[in-house]
Structure formats: C-alpha cells, structure tokens
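Asker:
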Amino acid sequence: LFVENPLAADAQVVIEGNQAHYLGKVMRVSPGDAVILCDDVTGEWAAEVVDAAKRHVTLCVKEQLREREEVPDFWLCPALLKKDRFDLVLEKATELGVARIAPVVTRRCVADKLNTERADSIVTEAAEQCARTALPEIAPVQKLEAMLRDWPEERILYFADEDGGEAAADAFCYADDPAALLVGPEGGFDDAERAMIRAHPSARPVSLGPRILRGETAAIAGTAVWMAEAGD
Ligand code: SAM
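So the sequence shown is numbered by UniProt numbering: it starts at 15 and just counts up by one.
(1) Shorter than 7 angstroms, the distance from the beta carbon of proline 199 to the closest heavy atom of the ligand SAM, or not?
(2) Relative to the C-alpha of lysine 96, which candidate in Arg82, Ala125 and Gly111 has its C-alpha closest?
(3) Give me, in chain order, the residues of the same chain whose beta-carbon lies closer than 6 angstroms to that of glutamate 81; leave out the 5 immediate sequence neighbours on both sides.
(4) How is the beta strand (DSSP E) around tryptophan 59 delimited, first residue to last?
(5) Considering only their Cβ atoms, is the gap separating alanine 113 from glutamate 151 smaller than 8 angstroms?
(6) For a quick check, are the C-beta atoms of alanine 66 and leucine 90 less than 8 angstroms apart?
(7) In three-state terms, what does DSSP make of tyrosine 188?
(8) Enumerate, from N- to C-terminal direction, the unbroken beta strand (DSSP E) stretches of 3 or more residues contained entirely within the region 77-125.
(9) Restricting to Cα atoms, I'd like to know which of Ile29, Thr120 and Lys106 is closest to valine 239.
(10) Based on the DSSP secondary-structure assignment, which residues constitute the bridge partners of leucine 196?
(11) Check the C-beta distance from residue 248 over to cysteine 144 and give it rounded, since I have them as a contact under 8 angstroms.
(12) Considering only residues of the same chain and omitting the five flanking positions on each side of lysine 157, which have a CB-CB separation below 6 angstroms?
(13) If you measure from the CB of alanine 133, is any heavy atom of the ligand SAM nearer than 7 angstroms?
(14) Determine, using beta carbons only, whether alanine 183 and glutamate 142 come nearer to each other than 8 angstroms.
(15) Would you tell me roughly how many angstroms separate the C-alpha atoms of alanine 25 and threonine 147, rounded to the nearest one?
(16) By the 10 Å Cβ neighbour count, where 16 or more other Cβ atoms means buried, how is tyrosine 188 classified, buried or exposed?
(17) So who's on the other strand from leucine 51, going by DSSP bridges?
(18) Does the beta-carbon of glutamate 131 have 16 or more other beta-carbons within 10 angstroms, so that it is buried, or is it exposed?
(19) Return yes when at least one heavy atom of the ligand SAM lies under 7 angstroms from the C-beta of aspartate 175, else no.
(20) To the nearest angstrom, how far is it from the Cα of lysine 39 to the Cα of phenylalanine 173?
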C-alpha cells in the first residue's frame, strides 16, 4: 500500500478510509499479519498489523525491503481521451514503468480536463499491483501549444505519427532517456498541429506500423516498445 507520510523503522502508521476497508474487509488482516508499505520517498517497508479496527488499521513499520526505484526517464504525453480509455492509458503506462504522464489537450480532443483524484487512485492502484516502489508523476493537463513552447530541449519528443515516420523500434533502439512520446486523440492531430509538432526541434515522428491504432493502443504500445528498446 502507498501511504502519505515517509516511513521509518518502528514508526506507527494508521491506515484509514478505503485502504483500511481493503485491509480489514478484503484482506481481513489481524494483529501480527505482515503488510508491505511504500511511501514514494524512501521505498518499500515490511510492516506488521498491530490493531485492525472497523475504520482504521494500525501498523508498526519493521525493516526496509527496497529503496525507491529509479524508473527510466520516459514521459508519456497522451492527448486526453474518453474517460475509460484514458483510464486504461494511466493504468498501463504505470505498469510499463513511465516516470511521468503529461496529458495534452489538442483541438480534436473530446475530453478537455482530467479528474486528477481519480487519475491518482488509478495510478496508485496500478503501482501497488505491479509492485513499483515509485509512483509516476501525473503532470497538469497542458494545451499542445504550451507544451511545445515550454518543452525541455534536452528531451527528445517522439511523435506517434500514423502518417509515417521512422519505425518506432528502430528509432528507439539507439535511444536513451530522457525521452517522451506524444500521442494524438481519437480524431488525430489536425494539419496545423501536425505541422507545429514536426517543426519543433526536439520532435521526431515514429511509426507504430501500417494500421490506424486507437489513441490508447498507440500510447500503450509505443511505451512498451520504448521500454523494450531503451528502458530498464
Ligand atoms: N488519424 C487517425 C485516423 O485517421 O483515424 C486518428 C488518430 S488515431 C485514432 C490516434 C493517435 O494514435 C494518432 O494521432 C497517433 O498519434 C497514434 N497512432 C495511431 N496509429 C498509429 C501508427 N500506425 N503509428 C504511429 N502512431 C499512430
């Protein structure tokens, strides 16, 4: 479980809310049971249940199991998609090991805002499921123009372009971080956006094959190819 405050040996941690419900009702923990806690700062710790009450569970932190991991310095910059499809991108990008998810709004986006509380819980649950000890950062939603204007010049911006570009695996195989992948929305980038992206000095168009992929497929598959070629 990810907890708010930094962990240390012998610290007492009180779990409340949904996490307490999960421990008490789903996992049915009782005193003496072992629970693994993460704080996204120091890493992963073994803890022992001291008291399992209805609305809160008290644990005592024992020993550190793992340091907070170094994930590849890869950012996924997906255009906002319809809710359940974007949820999938958040979950899978977390499992695949991205460092940052930077949602983008483009002219053809159906959605233009992100429920950040919901996004945080999706990412946290995915991190707990895949045993990440570092949560990916979810950046504030940015308009494409602003993102390109403020782009950090040392970071290559791969642009998933269904109209052609170097095969992603070839482009990524001699790449290393810091890198990012920009993916368009259901309706794609419009011509002006495409020209603006291609004109950007850090942008590099890459192809994910001859078929038109859904935005979530391109975001997830593109991230997986980068991780396989240039990641861990
Ligand atoms: N232009 C597409 C069409 O004609 O239906 C709509 C965009 S597609 C559904 C969503 C996004 O996925 C695109 O903007 C692009 O970033 C990415 N994408 C889809 N297929 C791709 C491919 N074969 N190679 C690279 N990127 C792709």
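From the three backbone atoms N, C-alpha and C, an ideal C-beta is built for every residue, glycine too.
Answerer: A quick look at the data gives this:
(1) Flag set: Cβ of proline 199 near the ligand SAM.
(2) For the residues Arg82, Ala125 and Gly111, the minimum Cα distance to lysine 96 belongs to Ala125.
(3) These residues qualify, in order along the chain: Gly57.
(4) Unbroken beta strand (DSSP E) run through tryptophan 59: 57-66.
(5) Here glutamate 151 is near alanine 113, since their CB atoms are less than 8 angstroms apart.
(6) Not closer than 8 angstroms, so no.
(7) If DSSP states are grouped into helix, strand and coil, tyrosine 188 belongs with coil.
(8) Correct list: 88-92.
(9) Ranking the options by Cα distance to valine 239, first place goes to Lys106.
(10) Residue pairing by DSSP places leucine 196 opposite Cys91 and Phe173 in a beta bridge.
(11) Any property of residue 248 remains undetermined from this structure, which presents the chain solely from 15 to 246.
(12) Val119, listed in sequence order.
(13) No; taking the cut-off as 7 angstroms, the Cβ of alanine 133 has no heavy atom of the ligand SAM nearer than that.
(14) Taking 8 angstroms as the Cβ cut-off, alanine 183 and glutamate 142 do not qualify as a contacting pair.
(15) Rounded to whole angstroms, alanine 25 to threonine 147 spans 19 angstroms at the Cα level.
(16) With fewer than 16 Cβ atoms within 10 Å of its Cβ, tyrosine 188 is classed as exposed.
(17) Beta-bridge partners of leucine 51 (DSSP): Trp59.
(18) When all chains shown are included, glutamate 131 counts as exposed.
(19) Checking every heavy atom of the ligand SAM against the Cβ of aspartate 175, one is found closer than 7 angstroms.
(20) Taking the straight line from one Cα to the other gives about 45 angstroms.
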